[in-house]
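Protein chains in written order, with our numbering: chain D, 100 to 360; chain A, 145 to 481.
Structure record follows, encoded as structure tokens.
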Amino acid sequence: MTELLKVEALTKSYYSRDYWFNKKLTTVLDSVSFTIDKYKTLAIIGETGSGKSTLARLLVGAESASSGIIYLNNQVLKSGSYKQRCQHIRMIFQDSGTTLNPSLTIQQLLDEPLKLNTPFDEKKRTDLIRQTLQKVGLLGDHMSFYPHMFSGGQKQRISLARAIILQPQVIILDEALASLDPSLRSQMINLLLDLQQQMGLAYILISHNFGIIRHFSDDIIVLSQGKVVEKGQTLEVMAKPQHKVTQKLMMNQSFQLRSKK
Amino acid sequence: MNLLDIRNLSIELIHNEQSIRAVDKVSLSMKEGEVRGLVGESGSGKSLVAQAIVSVLNDKWHVHADRFHWRGIDLLRLSIPERKAILSRDIAMIFQEPMACLDPTTTIGEQLAEAIDETQLSGFFWQKKQQRLTATIKLLHKVGIKNHSACIKSYPHQLTEALCQRVMIAIALARQPILLIADEPTTAMENTNQEQIFKLLASLNQLKNMAILLISHDLENITHWTNTITVMYSGQFVEAGTTAQIFNKAMHPYTQALVDSSPMANLHLPAKSRLMTLPGSIPILQHLPIGCRLGPRCPRAQQDCVKAPSVSNFHGHKVSCHFPILQNPKLKKTKRA
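What follows is the structure in structure tokens.
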């Protein structure tokens, strides 16, 4: 079986613009490679500046890589191929409150990706929006609402609806669960797991919370200063962290919670 | 004697000639040198309670309380200047987004120097500038910033978020408060930085015997650092007790749901299984349910829940529910509060 998404030696570096002559080369991501299958979740952890968000931006195509190849279903994703990317790789951001356009209704918000990527007529689009809203646990009538009329958890559901409306294969969650309240967060995790079962989605989860990572992900990679320092199955890595960076991250987290007994 | 003793605090918002009870009869008490966690999801009114304690709410909000005592003095009965004098001497507060709360146009050194009051300085006027500087540097050392000369000269945007939070704590410490209110001091921070800030607060608590009211929306984040916890939901008091009581023997269905929904506390669950959740979402202020505000989402709700429950006390473990979860059914209420 072939992998859904395969990333080989992905590198991102840029020149700092401080000096005219003495250009400095900064490498943010240094030959990162990994693969994901359908129905699987890959967690990415690392400290600030370790290149987690850059990796996410490279995958969705918000930035172009310096070198390296991304394969989606064995096809090479080129840096300009937005049509293909938009359809298959979608992203949910941390703060749903600021990523939804406040001047558009939910219908208009969800209509945009459909208009740009599908040949459907208006009626079909409206039906699809209604179905997608029901899938994420909202009502079809919510279509004519504006984003400010929803609570934080509902807004995050709308972001999720916007991500899944094009039937993608990969969804990137960039700290998407961090800003939610605990009771809504567990609802959202349940919803994401259900959708993964139904649609065969692959998730790339960028998070700090080891509890969520342990519960949610199958594989994990640990980034530090742009390099992959540890990778493997989540449970194994968390049981026996090998690299110093992983151990440090784990220790910080376990400090915060007194064991139950 | 309790440091802070608040009984049945209500905060009302008058809006279009209609009053909305944003906080409904919340009790909170703190002993000296205690670290108390105040936990609640967004819209639970926990920040309002903190703002009411330092009385920075504007005229739109009406604050009532049966008792609002600070070391035996009823704060609500004092005139505003008297209250201000006590509050600014004894209580300090740090806020959620340190970068947004510091003045971006002045240096850290100036902002710190501003917080140090005249009474701490002795000597003649020409010595004061130097004394102020030494006091500033001392404050920075107290919060663990060793490179004080660079820090004093820099502007808030030049420092990292964790450093900014340390500076905020330093400003709060300038007048040696007895109570420090930390309103979500570590949201949107990295784990490593979160731990640093919590460790700093814990050491201040130990060394200076400073009481800390730690406000957070996440139960699992703060349990390691608190002695006692008060849980709020949608402006109502839910449960209060020691950290172990709340975390291991929650009596209120809401607290139990919070503990159950945290993946960190349920490491025995197989990965990718469904987590326990409460149905529905947090009610908005305009449409609060009557009686117990958890009612529509509560798994144990019965007909009685349309009336607001009174607080019952089980050996210091206070819970506000008609049908609390009792591990030991023989346990009797010690008294009705």
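Ideal Cβ positions, reconstructed from N, Cα and C, are used throughout, including at glycine.
Host alpha helix (DSSP H) of residue i (start-end)
i, result
"A:K391", "Correcting the residue type first, residue 391 of chain A is Phe in the shown sequence and not Lys. That run of the alpha helix (DSSP H) goes T387 to N392."
"D:D210", "I205 to N216"
"A:N457", "Here A:N457 belongs to no alpha helix (DSSP H); instead the beta strand (DSSP E) covers S456 to F458."
"D:Q183", "Y181 to H187"
"A:W270", "F269 to K286"
"D:G167", "Run containing D:G167: none in the alpha helix (DSSP H); it sits in the beta strand (DSSP E), S166 to L171."
"D:Y114", "Not the alpha helix (DSSP H): D:Y114 falls in the beta strand (DSSP E), residues L104 to S115."
"A:M312", "E305 to L317"
"A:H292", "H292 to K297"
"A:Y398", "P397 to S405"
"D:V66", "Since the first and last residues shown for chain D are 100 and 360, residue 66 of chain D lies out of range."
Proximity below 9 Å, CB of residue i to CB of residue j
i, j, result
"D:L154", "D:L294", "no"
"D:L124", "D:F133", "no"
"A:A236", "A:R319", "yes"
"D:Q332", "D:Q266", "no"
"D:L209", "D:A275", "no"
"D:K137", "A:T336", "no"
"A:E328", "A:I359", "yes"
"D:L171", "D:I143", "no"
"D:I263", "D:M242", "no"
"D:T110", "D:S178", "no"
"A:A384", "A:T370", "no"
"A:S425", "D:Q253", "yes"
"A:I322", "A:T251", "no"
Beta-ladder partner(s) of residue i, from DSSP
i, result
"A:S163", "A:I158"
"D:D318", "D:L141 and D:Q332"
"A:D149", "A:S173 and A:H213"
"A:D218", "A:H213"
"A:H208", "A:S154"
"A:L358", "A:G181 and A:A326"
"A:Q380", "A:D168 and A:Y377"
"A:H461", "A:F458"
"A:D247", "Note: A:D247 sits in no beta bridge, so no partner."
Proximity to residue i [Cα-Cα], best of the options
i, options, result
"A:A166", "A:A257, A:A355, A:A196 and A:M395", "A:A196"
"D:G160", "D:Q255, D:E146 and D:K182", "D:K182"
"D:T147", "D:G310, D:Q324, D:E335 and D:P340", "D:Q324"
"A:V450", "A:K462, A:G460, A:L432 and A:E262", "A:L432"
"A:Q380", "A:L192, A:Q162, A:L148 and A:G177", "A:L192"
"A:T249", "A:E241, A:Y299, A:P423 and A:G288", "A:Y299"
"A:R441", "A:P453, A:E383 and A:P427", "A:P427"
"A:E176", "A:V170, A:S163 and A:L148", "A:L148"
"D:E102", "D:S163, D:R156, D:V175 and D:E162", "D:V175"
"A:L402", "A:Q162, A:L246, A:Q240 and A:Y377", "A:Y377"
"A:K462", "A:G439, A:K393 and A:L348", "A:K393"
Residue i: first and last residue of the uninterrupted beta strand (DSSP E) it sits in
i, result
"A:V450", "No beta strand (DSSP E) holds A:V450; DSSP gives it neither H nor E."
"A:A326", "L323 to D327"
"D:M287", "Where D:M287 is concerned, there is no enclosing beta strand (DSSP E), although the alpha helix (DSSP H) it sits in stretches over P281 to M298."
"A:M237", "I235 to I238"
"D:E134", "Here residue 134 of chain D turns out to be Thr, not Glu, going by the sequence shown. Note, D:T134: beta strand (DSSP E), K123 to I135."
"A:M376", "T372 to Y377"
"D:Q174", "Q174 to L176"
Min CB distance residue i to chain A below 9 Å
i, result
"D:K359", "Per-residue confidence for D:K359 stands at a pLDDT of 40, beneath the threshold of 50, marking its modelled position as unreliable; no derived number is given."
"D:G150", "no"
"D:L283", "yes"
"D:F244", "no"
"D:E335", "no"
"D:T217", "no"
"D:I168", "no"
"D:D136", "no"
Within-9 Å CB hit, residue i to chain D
i, result
"A:H361", "yes"
"A:E364", "yes"
"A:P329", "no"
"A:E136", "Limits of chain A in this structure are 145 at one end and 481 at the other, which puts residue 136 of chain A out of reach."
"A:P397", "no"
"A:K190", "no"
"A:T374", "no"
Neighbour list for residue i in chain E, Cβ cutoff strictly below 7 Å
i, result
"D:H307", "Annotation note: the requested chain E is absent from the structure, which comprises protein chains D and A."
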